[in-house]
Structures are given as C-alpha cells and as structure tokens.
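Reviewing the structure listed below.
There are 2 protein chains.
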Amino acid sequence: MSLKYFFNPQAVAVIGASTKPKKLGRQILDNIIKNNFRGQIFPINLKASRVAGLTAYQDLAQLPLKKWSALLVVIAIPAKFVLAELQKCVSLGIKNIIIITAGFKEDGGIGKKMEEEIVKLAKQHQLNILGPNCLGLINTWQGLNATFARADTETGNSALLSQSGAIGAAALDWLKIKDFNFGYFISLGNQAVINENQVLAYLGKDPRIDLIAAYLEEIKDGQKFMEIVSRLARHKPVAILKSGLSSAGSKLAQSHTGSLAGSAAAVRVGAERAGAIWLENLEELFNLLLLFRKESWHNTGRQELYIITNAGGVAVLTADAISRQNLPFGSSQDLLGDADAQRYQLALEKALKKKKVNNLLVLLTPQTSTEPLKTAQTIITLAQKYPHKLIMASFVGGQELKSARALFAKHNIPSFDYPGEAIRSFKKLIDYKTVLKEVQPYHRPLMEIGNKITSGDYLDSFKLLKQYQIPILKIQRFSSSALKKYHYPVVLKITGPDFSHKTDSGGVVVNLQTAKELRLAVQRFEKKYRSYLKPSRNYLVVQEQAAKFQEIILGFKRDQAFGPLMMVGQGGIYTEVFKDFQLAISDLDQARALKLIRSLKIYPILNGARGQKKYDISALAKALVNLARLANDHPEILELDINPLFVFEHGVRAGDVRVIL
Amino acid sequence: MSLKYFFNPQAVAVIGASTKPKKLGRQILDNIIKNNFRGQIFPINLKASRVAGLTAYQDLAQLPLKKWSALLVVIAIPAKFVLAELQKCVSLGIKNIIIITAGFKEDGGIGKKMEEEIVKLAKQHQLNILGPNCLGLINTWQGLNATFARADTETGNSALLSQSGAIGAAALDWLKIKDFNFGYFISLGNQAVINENQVLAYLGKDPRIDLIAAYLEEIKDGQKFMEIVSRLARHKPVAILKSGLSSAGSKLAQSHTGSLAGSAAAVRVGAERAGAIWLENLEELFNLLLLFRKESWHNTGRQELYIITNAGGVAVLTADAISRQNLPFGSSQDLLGDADAQRYQLALEKALKKKKVNNLLVLLTPQTSTEPLKTAQTIITLAQKYPHKLIMASFVGGQELKSARALFAKHNIPSFDYPGEAIRSFKKLIDYKTVLKEVQPYHRPLMEIGNKITSGDYLDSFKLLKQYQIPILKIQRFSSSALKKYHYPVVLKITGPDFSHKTDSGGVVVNLQTAKELRLAVQRFEKKYRSYLKPSRNYLVVQEQAAKFQEIILGFKRDQAFGPLMMVGQGGIYTEVFKDFQLAISDLDQARALKLIRSLKIYPILNGARGQKKYDISALAKALVNLARLANDHPEILELDINPLFVFEHGVRAGDVRVIL
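Residue numbers (the working numbering), protein chains in the order written: chain A, 352 to 1012; chain B, 352 to 1012.
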C-alpha cells in the first residue's frame, strides 16, 4: 500500500483524545493542534463532545469525511481495545494507522497474540500501520506532530528514524537544545507492519529530504535493505547507527570464516556495500545531523581542511586528529591569543575568497581579548555569504562560549564542543563523497538451481569447487595399486567426519618424495587410525604437493539477513593470528574482488613487495568471484572454507576445503 | 631551589599593578584580592600610592618584609623592563617569580636574547621562575589566583598543568561551566626555568593533590620525566595529553626499527613505562577530571560495571561501548520507559547495597514519565551515602536535562552527555588500577663504557652482538681456500656500504648445498658486482643456513628524550606489512621482555598454536634484554636492526644485523 497519505494525510483522527491534559492521546492531539497541522483534526472520545476546543466524535464512522484513504488514525487507548478500532478502520476503508499503545509483542503472552492479529488484519486489508509501541510520526512539512513529544521545529531537510522510542525521545530532546529543524521523525516501535525498509524507500523518494539518519536494532531483511539503500545512497546520504554489535553469537561457528564473520560483521559489511554511513555511537549520529548539508557533499572541489585559530595548541591537537583520520590537510593559520573578532573576520574573508578553500574549521579558545559572540556573528555572516563552502566552528571552553554556541545552533552553523568531533564528522562527509561516486545498485544475486549438496564429503567438495572453475590441487583416494603412478612429491591426508581438523590431529603428512615414503606413511596411518578407517566414513587421499606459493583463505558464511558473507584473507596457520581478512556481500565481480584483495595487509606481499616475485592476484580474484557464485547457488551450504588456497606466480589451487551444511 | 614558597608564598607582589582595571597586572591583582589570598598583597606601581584599595609601592625594595624568600613576585610589565626587575629580585634575595609578560623566546630576535639572560640569572642565583609568556599560577589551598583568568573555585584535589596558555584558558573556562573545584592550575609558558618535570615532582609530594592532568607539547628530558612519573604513578594518577603526534620526522629513519619507532612513539612508550594515563584529546582530559576520585582507584573490589536505565536501546549501545573497550560487564537493569524518580531510587538502593556492585552507570532518556531533576537528586543523595562506590550518570538528550546536568556538576557527580564518554573514561580508571599494582620506578640504565663502535662493518656488528651474548649464525668472510671446510648448506651474501639492503638488491643466495654450488654463486657475484667488490668496502661472506625457525626482528632507535627505544616484532619480509611489533624503554629485564613478546600478535605461533611446536621464547627475551644492555652501553649507535633473528625450538641466532651510527 502506498505510504503517500500515511506520511502526508489530509486529516488526522486521534482515538483516545481525552479531556484530561495528561493523557497520552490528549498530548498527541495538543501537539497536532499546536504544530498547525495543514488538514482537518478529529478527536475521538466516547463521552465528550468537545476536546481541546475541537468538535469530538464518539466513533470513527461519524467523521464527516469522503476520502477515507487520506485519513491518518492515531490510536492511543489501552491495548485490549485496539483491535476493535482496527476492524472499524477496515470497514471504513481507512488505510493509515499509528498505534502508539504499548503492551503487545514486547509483553509476550496475550500481547503477542494481539499483535499477530494486527499483522493478519494488515495483510488482508493492506493497512499501513506504524507501531504498536511507538512514539509516532512527525512531518514538519505538513505541520504534523503525531507524537506525544514536544517538537516546535520549522521544516528541515533531515529525516530521523528510530527503532527505539527512548532513543527517539532523547534525539528529539537533543535536537531541541540545538535548535535543529528536521523534516521527518519516525518512531518504528514493534514494526508489526511498517519496517525500516519501507520507510527508507519512501524517504528516498521525497525530494525535500537530503539526509536520512536511522537508529536500528535489527535489520531482518538485509538484502532488501541493500537494494533500497544502495540506490538511495547515490543521491542522498543514509547514516546507520546499529546497536547490539557485541553479541557472542559468532562463537558457535564451525569454520574459520564462520568465526570471523559473525552477524554483527554482516550488518556492517552490508551497510558498507549499500553505501550507508556507518555510525559508532549517539554522538556521531547527532554530530552528523549538525554537519551534513547538501551543498557540502555536492562540492567536488578540493577536499583539504583549512584551520583558523587563536590557539596554536588546539590547532596542533586538531592536526593530530586530522592525521589519525587520514584526511587531507590544507593549512593552519594562527591569529594568536589576542585575536579579536575583527582579526578573525579579516582572516576568514581572505581564506574564503580562495578557490581552493572549500572546508574551513574555525577554532577559538577564550583568552583576554577574545570576542566569542562577535566572532560567532562574523562566522554566521560569512557562512551566509559563502553558502557553498563548508564552515565549521569549534569554540573550546565553557562559560564564556555559551551564547556563541547558542547563536551557532540558531543559524545552523555546525558547531562542535571539541575539534575532534568536528574532524570525525568531517571524515564521514569526505567518505560519503566517495560513496556518491562509487556505490553501485545492489541486485539480489541470481541463483542457478543445480544439484543440492547433501554431504560434506572431502572429495565431493573438491569436485564442487571444480564445477565452479575454482582450480584444485590434483587429489584422489589412495590406492596401493597406484603407488607408482603418483607424481611425487605428494601429500597424504586422512579425511572424513572424524578428521575435520586434519592438521591439528596429525592427519596430514607432506613432502612424500617417493612411492616408498608414501607406502610407509600409509602403513603408519593404517596402524594409528585403524578403528577410524572405513571407506564409507574416513579414508586416505593423496594430493599433489604445492611449492612456491602464498597461502590464502577463501570462504563464506551464510547470514540470515544479508546472504552469503564472503571472506578472503591470509591463510594457513596465520588466519586467526593476524586476522588479516576482508569480508564482502556475495554480489562480487572481478573489480570488487580485486578491491577487496588490495585492502588486505598481505597485499604488498602478493603484489611482489621488496623485489620479491608477484603472485597471481587476478586468478585469486577470479576464484573469489566463482566462490561467490557457488555460495549464491547453494543455499544449503551454511559455511565453507578453502584454507589454504595456494596462490602461485601463475594461477591458484585449492589445497583444502571444508563444507558445512 | 625548593618550590615550597613558590607554590605557597606568604606574600605576593604584583609588578605592573595598574590603576587601570583593564591592564593585565591589575587583573591579576584583582584576582588575588578576590580569591582571598591568605597572605600579604603588595601592588607595585611607579606612580600611584594606592591600587585597588591597597597601599602600593614604587619599588620592591620598599616592601615591609623580612622573609624575602617567602615572597612571590608576579611580573606583568612590558618585556623590555623585565630583566631590570629580576635583577632587583636577585639583590633582595627574592627567589620566586612569575613572568606573565610575553615577547621573549617565542618572538625570536631580541626577545630570545632577553630570555637567555633570564635563564642565566636564574641559574646563577637559583631563582624559581615560571614563564615567561604564561597565564600564571592558581593555588586554591592558599586562596591564590595569580593569573588574569577568573576562577572562583573552592579547594579541590586535582592539579592541572599546561604548556599552552590558550589550552589552559579553555580548560579554566570549561571547569567553570562544570562547577569543578581544583587545587592547582599552572601555566608553564616558555619554561625558561621551571619545566613540567619540576612541577610534577612538586605536585607528587603535595598530599592534598590526588590527580595530576597535564597538557604537554614537548618533553625535553624524557628520562627525568619517567623517573618522576613512575614514582608518582604508584600513588596518584598522572594523565598526559601530548600534542604533535602526527609529525613526519620518523620518515627520515634508516632502519626498520627507526621507521616504526618515531619520536611520537617514544613519548607514548615512555609515558606508558612511567605508568602515566595517556589521553588522546581534550574531551578525554576533561572527562577524566570529572571521573577520577581517590575512592575509586583505591577500591580494589570487583571491577564490573553495572547499568541502570530507562531505555533498552541506550543500554545496548553502552554494552557495545563496554565490549569495544574490553571492560568487564556486570548486568543491565531496564526500569522501562515510564520509570519515575522513585523507581530509579528503589533500583539504585537495591543495587548499591550489593557488595559486588562497585561501579554503577545510571542512564536516562527523557520520556513521558521521566523525572530528570528528581532522579538526579536521588543519585546525588545515594552517592553521598555510598562514598566508596563509583556512581556515574549519563542522561542522554538536551533541553529537558539541562537542570539535572547542572545539579550533577554542582555536586561533583561524574555526568557525561553520552554513555560512550563515561565508558571511555571508566576504562582509564580501570587501567590505572593495573598501573597502581604493576608500575615500577624507572632508573636511568647504568652505562658500561666499553669500546666505541666506529663503523657499521658487517662482521664487526656480529662480533658486537656476540659480546653481548646475543647468539649469531656462524659467519665469515668468503675464502676460496676454505670452500671444502664450510658446513653446507650455506648462505652467500655480499655486504658493505653499497649493499645495505642486501635482499632487495639481490645480494643474497640461500640454500647452497655443496662447495660446487657455492663456487658457482661466488663466480656469478664476482661478475655481477665486479666494480663494487673491494676488500676494504664491499666483500662476500658465507653464513650457516638456518632451518625450522620463526623470523623475528629485534632492534632499537635512540630517542633524544627517552633514550633507546627497543623493538621486537615479526621479522623478515612481514615486518612492515603486518606492523606486528612492540616498543619499550630500554630498562628491560627478562620479565618485562617476556611481557612485551606476549603482546605480539605472532605470540600464539611462537608459543605453539594449534598443535605446532613451541619456539624458544625465553632465549628470545634474553636476546632482547641483552640488546637493551648493548643499546644503553653504546650511545654512539643511533639505530640497530637484527632482522631476522631466527628463533628455534632451542635458542635463537641473529641472521642479519645492521648498525647505524
């Protein structure tokens, strides 16, 4: 169902609009009235005929309305009465509903059952329902504040989305102190019907919205998320703060890839793939709102950051922060401790006139001759004169700077208590400019339905790799009659369900030079593992011996939300020691695979560092692309490790493989 | 000269105490009067007989004083008149002087010369001079504010030290808004005479001071710094914010160790060795002041952090931050969104009663039923009831929390705008508790004066290692007459000033199995490098071939301030790829060397990870200790690399060495 009228209703009815001013429903009604909603407002109240100066109605059916589809109904009555009201909505053809009321899924038991009923009803009748258990919706462009939080804001170009009501409330309160104007605020609540993906898709299409910031606790459909955000990120930034990253779930994984690529990693890699801006904490979320202006990310001029300061020490600390973030640095001009507002003005004018100065950070500490408020006014005037340049301020101190900081907030000048905050936010802006240039729309990988894998048999796993053009070292079951035919040197391995960590359990002998050496090794194994060796379970294999290689690990782990998470990293015994690996979503092509490989720490070695030979990086990338194809085609495989994949001067070969179903 | 009367004068004279209220000297005088200095106050003014209601004197010599050594003179007159006043001080036996005036070294030219005169005078007559070009000194215990900054603070237990006046001013202004009481504030200025080390040593002895926080731009005598701070840190925390860490100086280094161990690294490693708390930025400095209380670091009970919240989302974000910092986590109690002050009180009481709860973080977001101010009052009351427990608050939001935050500030409750700030500060507290237990006093290493090294000759360098009981692979000059006597396999190398990067330039052949193979290799070298091979400059060596080893790099780089900076890390071609190395100050013993080695990422491999063999970690540590001895004994060596040091199952051997004089 289209969300057009949900976000832009022509009329709003509040069920539970009480005559008592402290009741939630009444607070919502008051907010709708105060924010000058551009449409009709209908309080619904069983007894009163007037509420808050408006005519009240006993029942939705009585509303003097023709276009029921353009009505938004806000429900703020006890949970047990909610379903009956929903049914009324259905019978009247009402499509757009916010359920503020709590006491559903989050309470379990009967609450959970009631929510299931809500979902059923919504599916049957294509209802747009926000919540339950949410703060509601604000659309300042419509003058609509359908929440119980105060928000006296003018229209703005940011949208704020939260899966937590409390964090939504905190954000609204923070925005108030910062005098920050936004476009939308959406509290998702339990997401029984409307979830983050639908809201993101809608906001993406609203041309008044330049920036979307979301606090998310769960992304259920990661692939859908990537489809939407990767398209969105090509014209407007989407910033994600995701909580719950310290979950210990990945400890249960069985493969190397599995243990290194937990679900927290999947979200992060998925967000990166989609070009979303990744946030670490609330301060980054808030600071981003302050900084991001459309002009700044469309400015493709030089990216260096320039500094004007009245304190050398603060400038040096700022330069340290710039260096930590690997950002390009222009220059720093020290106006000295006795700089007044006029000295700032002259320096700022001169700097901003220069074409190369696109990004300017003004630092100030309160010293004897400092004029914080006048200097702030100067900065504001110049920011208006140069709207296409980014001017940030960081006035460091406390008492003396209060009014200057308030003035910045009022005039939407990004102002930070500490220069480090400015730098960290600026870094996100610069990174987003790269996303703008590079991000490609995500498509759910096509799946070729082949034969399903039904066992993790060792030789079968190698065959599977071969099917996907991933070269393997020649391998076969040991046969005493073939002793003379092997190309020595060879490797002898015992394989099967009892030997999943062959190296650890001593089940591998390398560098067997002759038939005699191989025979002796076989005899030792037959003695040592007598009770395990059954042709249908555990058996011996002989493999060609590799030489002059680098050991790489390739693998994947299937994530429920984001699909297969591909991995490439340093292989062999170093995999979990140096943790030098990179992860990616499985829509890999050769270019993206190469980029991933180039991000490895070991890349200089692969690429022939310090006069050494070069390894076949192109073949490595091809193997990774092919493995991604395999992962997409075989949803029955949960985890897969190729470790090592031997990378030679020419070509690559899988030396070991492990499939987990 | 003792600093006792400098910091605790019985009388203060201000030279430049003007009748004009805007003049710096007058502002200082006013501050001294306003803060109720417990001693006599003497304005010095050439013309006026009264200034600010006090009797003024034309000249220091007229002061009605007996104990001149207990007088502090503050000079705030133009630079050109300063020296004359200093000479008067000398003739009167005055020892303690603050020069506020700027225009000395920092201006170059005549200013620099005048500062040199000041230094000379101070040395001759043992004067304690703070500055010039500084804000001055505050000692609240004495009621002394000898700065031109307003600071209406009661006595407190922290001392703040700054090498930058501007950052000092910013800090004072910030402390004001936080209602923070401190003990000392010292602005060091140009440090012509008194520097950070002397002040640190003095503050260390003042029992009223529990915490020292310093902003430093330069530590000239790093060894002295370590001597002082390592002793201090055993009973009170010293926190250091050092700027200028992004300097590119280390690019000039010639060895691996040199390029990885720049002077920025030296400061950090030196501070760590001394047990100082390392700060990354101003926000960490300020937040530390809020958090650190003596009770907290002496509390050796359980260290888990407990959380009480009215918002699940904020608690999860906090748990993420705790996990990022590797801190122990107790539990999180969610009082739910409608928690009022009373529900907080009950939960807090219950938690604080438990013996295991030593550290508590109270989170709050402003929701409908939230009572921020009342909840703050509850927290304050309970903090007073449980003075030995650490209670932190993070109320997340803006407008609604203003008065609660102000109340926290007034009552010295550590309150943070974001939970992440609380966690990062708490991490520093927990780390300091480890320092308290473990830090050992630093002693300048004793130097055994042996023969000075005069050349970086390859074979001589190996001999030097042997002298210090660092085992080496057998090595000698190639001699065609000895062809049959070598123990094959061997390695052939060309060495000398033109072959400092032997491997890169193809000057090494390994794995020569027979005399014939060696002879052929020699012939190829003689042909290829004909013009270079001169016995006195470049020559051929034959070295025993190692097998079954791990390659480690050992080295050092001499830092001007902190002495030799020792390095141990993964060796061979991986050194600069994985940057897996650790640095240490050169007072290494076996235990400290082992601790360093255990911090390497490669340590699990050395220690026999995944069923592999163990390498001789004890011999490796011993080699590192011996190399530190060598470094201490040979100040003429600027840099030294042993790369690789082969580590075997039994013993270690140096495979290559490079000495830079």
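Yeah, the Cβ is synthetic: ideal placement off N, Cα and C, and Gly gets one too.
Distance CB(Ala-627 of chain B)-CB(Ala-564 of chain B) smaller than 8 Å: If you number the second sequence from 1, residue 627 of chain B lands on position 276. If you number the second sequence from 1, residue 564 of chain B lands on position 213. Contact flag unset, no.
Phe-432 of chain A, buried or exposed, once every other Cβ within 10 Å from all chains shown has been counted against 16: On the first sequence, residue 432 of chain A is found 81 positions in, with the first residue counted as 1. So Phe-432 of chain A ends up on the exposed side.
Contacting positions in the segment 979–997 of chain B - beta carbon closer than 8 Å to chain A: none
The segment 525–543 of chain B touching the segment 503–513 of chain B, judged by at least three CB pairs closer than 8 Å: yes
Environment of Asn-387 of chain B [buried if 16+ CB atoms lie within 10 Å]: On the second sequence, position 36 is the one that residue 387 of chain B refers to. Classification of Asn-387 of chain B: exposed, given that the 10 Å Cβ count is below 16.
Other residues of its chain near Pro-995 of chain A: CB distance less than 6 Å, five sequence neighbours each side excluded: Along the first sequence, one-based indexing puts residue 995 of chain A at 644. Result list for Pro-995 of chain A: Glu-902, Gly-922, Gly-923 and Gly-1006, in chain order.
Contact the segment 734–742 of chain A vs the segment 677–686 of chain A: 3+ CB pairs below 8 Å: no
Contacts around Leu-1025 of chain B, its chain only, beta-carbon distance under 7 Å, and the 5 residues preceding and following it disregarded: No answer is possible for residue 1025 of chain B: the residues shown for chain B start at 352 and end at 1012.
Span of the alpha helix (DSSP H), counted from its first residue to its last, around Trp-648 of chain A: On the first sequence, position 297 is the one that residue 648 of chain A refers to. Run containing Trp-648 of chain A: 645–649, per the alpha helix (DSSP H) assignment.
For Lys-908 of chain A, the residue or residues it bridges with in DSSP: Position 557 of the first sequence, counted from the start, is the residue given in the question as residue 908 of chain A. According to DSSP, which records beta bridges pairwise, Lys-908 of chain A is partnered with A:Leu-916 and A:Glu-990.
Secondary structure of Tyr-535 of chain B, DSSP reduced to three states: On the second sequence, position 184 is the one that residue 535 of chain B refers to. Residue state, collapsed to three classes: strand.
Within-8 Å CB hit, Phe-929 of chain B to chain A: Translated into the one-based positions of the second sequence, residue 929 of chain B becomes position 578. True, the Cβ-Cβ gap to chain A drops below 8 Å.
Segments assigned alpha helix (DSSP H), at least 4 residues, entirely inside the segment 729–810 of chain A: 753–761 and 770–789
Check whether Leu-411 of chain B and Val-424 of chain B have beta carbons under 8 Å apart: One-based indexing of the second sequence puts residue 411 of chain B at position 60. One-based indexing of the second sequence puts residue 424 of chain B at position 73. Cβ atoms of Leu-411 of chain B and Val-424 of chain B: closer than 8 Å.
Contact list for Trp-525 of chain B against chain A, beta-carbon separation under 7 Å: Residue numbering aside, residue 525 of chain B sits at position 174 when the second sequence is read from its first letter. Contact note: Trp-525 of chain B reaches chain A through Gly-748 and Gly-749, using a C-beta cutoff of 7 Å and chain order.
Per-residue burial, Gly-529 of chain B [other beta carbons within 10 Å of its own, 16 or more giving buried]: Taking the first residue of the second sequence as position 1, residue 529 of chain B is located at position 178. It is worth fixing the name first, because residue 529 of chain B is Lys in this sequence and not Gly. When all chains shown are included, Lys-529 of chain B counts as buried.
Own chain partners of Ala-599 of chain A with C-beta closer than 6 Å, once the 5 adjacent residues on each side are dropped: Numbered from its first residue, the first sequence carries residue 599 of chain A at position 248. Residue confidence for Ala-599 of chain A is low, a pLDDT of 42 falling below 50, so the modelled location carries little weight and cannot support an answer.
Span separating the alpha-carbon of Phe-813 of chain B from that of Arg-980 of chain B: Within the second sequence, the letter at position 462 stands for residue 813 of chain B. Within the second sequence, the letter at position 629 stands for residue 980 of chain B. The straight-line gap from Cα to Cα measures roughly 16 Å.
In chain order, each beta strand (DSSP E) run of at least 3 residues that lies wholly inside the segment 451–516 of chain A: 479–481, 487–490, 495–498 and 509–513
Chain-ordered residues of the segment 950–970 of chain B with a beta carbon less than 8 Å from chain A: Of all residues in the segment 950–970 of chain B, Lys-952, Ile-953, Pro-955, Ile-956, Ala-960, Arg-961, Gly-962 and Gln-963 have a Cβ within less than 8 Å of some Cβ in chain A.
Cut-off 6 Å between Cβ atoms - residues of its own chain near Gly-573 of chain A, not counting five sequence neighbours on either side: Counted from its first residue, the first sequence places residue 573 of chain A at position 222. Apart from the 5 residues on each side of it in sequence, Gly-573 of chain A sits with its Cβ closer than 6 Å to the Cβ of Gly-621, Ala-912 and Phe-913 in its chain, given in chain order.
Member of A:Lys-867, A:Asn-763, A:Leu-554 and A:Tyr-839 whose CA lies at the smallest distance from the CA of Glu-895 of chain A: Residue mapping note: residue 895 of chain A aligns to position 544 of the first sequence, counting from 1. Cα-wise, what sits closest to Glu-895 of chain A is A:Tyr-839.
Where Pro-394 of chain A falls: helix, strand or coil (DSSP): In the first sequence, counting from the first residue as 1, residue 394 of chain A sits at position 43. Of the three classes helix, strand and coil, the one that applies to Pro-394 of chain A here is strand, per DSSP.
Own chain residues within Cβ distance below 8 Å of Pro-986 of chain A, not counting five before or after: For the purposes of this step, residue 986 of chain A is taken as the residue at position 635 of the first sequence. Only Met-798 and Arg-909 meet the Cβ criterion.
Residues from the segment 707–718 of chain A in contact with chain B, defined by Cβ distance under 7 Å: Against chain B - using a Cβ distance shorter than 7 Å - the residues of the segment 707–718 of chain A are Thr-716, Pro-717 and Gln-718.
For Lys-704 of chain A, the three-state DSSP class (helix, strand or coil): The residue labelled residue 704 of chain A in the question sits at position 353 within the first sequence. It is helical.
Minimum Cβ-Cβ distance from Gly-367 of chain A to chain B less than 8 Å: Taking the first residue of the first sequence as position 1, residue 367 of chain A is located at position 16. No, its Cβ sits nowhere closer than 8 Å to a Cβ of chain B.
Chain A contact for Asn-532 of chain B (CB, 8 Å cutoff): Here residue 532 of chain B corresponds to residue number 181 of the second sequence, with the count starting at 1. False, the Cβ-Cβ gap to chain A never drops below 8 Å.
Test: Tyr-769 of chain B CB closer than 8 Å to a CB of chain A: Counted from its first residue, the second sequence places residue 769 of chain B at position 418. Closer than 8 Å: yes.
For Leu-843 of chain A and Phe-829 of chain A, believed in contact at Cβ under 8 Å, the rounded distance: As a first step, residue 829 of chain A is located in the first sequence; it is residue number 478 there, counting from the start. As a first step, residue 843 of chain A is located in the first sequence; it is residue number 492 there, counting from the start. That belief holds up - the Cβ atoms of Phe-829 of chain A and Leu-843 of chain A are roughly 7 Å apart, short of 8 Å.
Pro-848 of chain A, DSSP secondary structure in three states: Position 497 of the first sequence, counting from 1, holds the residue named residue 848 of chain A. Three-state DSSP puts Pro-848 of chain A in a helix.
Coil, strand or helix - Asn-447 of chain A by DSSP: Here residue 447 of chain A corresponds to residue number 96 of the first sequence, with the count starting at 1. Asn-447 of chain A falls in the strand class under three-state DSSP.
Contact residues within the segment 478–511 of chain A, judged by C-beta distance below 7 Å to chain B: Phe-499
As assigned by DSSP and simplified to three states, the class of Lys-878 of chain A: One-based indexing of the first sequence puts residue 878 of chain A at position 527. It is helical.
DSSP-derived helix/strand/coil call for Thr-726 of chain B: Looking up residue 726 of chain B in the second sequence gives position 375. Helix.
Members of the segment 684–697 of chain A near chain B, C-beta cut-off 8 Å: Gly-688
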